[in-house]
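Below: one structure, written as structure tokens.
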């Protein structure tokens, strides 16, 4: 199978189920941003960080592939002609969100209480986390926008919301682990 098909040369692409849409369609923007996020999480995972975090990030990357599949499937294409789900065994479930919450809670027990806003930076690995957090928020915004016109499982949006929280707390935890300086934002007087 060749990597290039030439079917997108005129600015359209196919969703799951074959529906063709313009490449700048909000659905494409949504799952394309999730793909961008997944790549950035791979970059974080490639850093010198604790194996536990690497394993959690692999799990997150797997879930993001699922989110992408959900976003790439129009509602009228979710069921195959034989009556089976197009995305059999794929979905975001409550335990996916609970994993993120558990990880956030565990990291927060080891962090000083936040008293100020935190400026992104302090270490390249921490900066990668903050960039991923921003991309996650963009993916969430685009998915919410998509949900105004098309049916998107609400739990998908919840997962992206919780993931951005996780990435923020991970950035703080890695700041501690890497002995980096956490720069607090203090407004000018």
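Numbering (the working numbering), first residue to last: 1319 to 1507.
Where a beta carbon is used, it is the ideal one built from N, C-alpha and C, also for glycine.
For residue 1383, the CB contacts under 8 Å within the same chain, skipping 5 residues up- and downstream, are 1356 in chain order. When C-alpha distances from residue 1455 are compared across 1425, 1475, 1439, 1437, the shortest belongs to 1475. Taking the C-beta atoms as reference points, residue 1349 is found no nearer than 8 Å to residue 1488. With a threshold of 16 other beta carbon atoms within 10 Å, residue 1414 meets it and is buried.
For residue 1484, the closest of 1469, 1365, 1450 by C-alpha to C-alpha distance is 1450. In the three-state reduction of the DSSP assignment, residue 1408 falls in the coil class, being assigned neither a helical nor a strand state. If you draw a 10 Å sphere on the C-beta of residue 1332, you find fewer than 16 other C-beta atoms in it, and that means exposed.
When secondary structure is reduced to three states using DSSP, residue 1504 falls in the coil class, being assigned neither helix nor strand. Minimum Cα-Cα distance from residue 1390 among the listed residues 1493, 1377, 1412, 1465 corresponds to 1465.
Taking 8 Å as the upper bound for CB-CB distance, residue 1436 and residue 1502 are in contact here, some 6 Å apart. Nearest to residue 1477 by alpha-carbon distance, out of 1452, 1427, 1419, is 1419. Going by DSSP, residue 1496 is part of no beta strand (DSSP E) at all; its letter is neither H nor E. Annotation: residue 1387 is outside any beta strand (DSSP E); the continuous alpha helix (DSSP H) that includes it extends over 1369-1389.
Here the C-alpha atom of residue 1498 lies approximately 46 Å from the C-alpha atom of residue 1327. Rounded to the nearest whole angstrom, the C-alpha separation of residue 1494 and residue 1425 is 10 Å. Counted as a single uninterrupted DSSP element, the beta strand (DSSP E) harbouring residue 1437 occupies residues 1435-1437. In this structure, the alpha-carbon of residue 1479 lies about 14 Å from that of residue 1411.
Excluding its 5 nearest sequence neighbours in each direction, residue 1388 has C-beta neighbours in its own chain below 6 Å: 1474, listed in chain order. For residue 1427, the three-state secondary structure derived from DSSP is coil.
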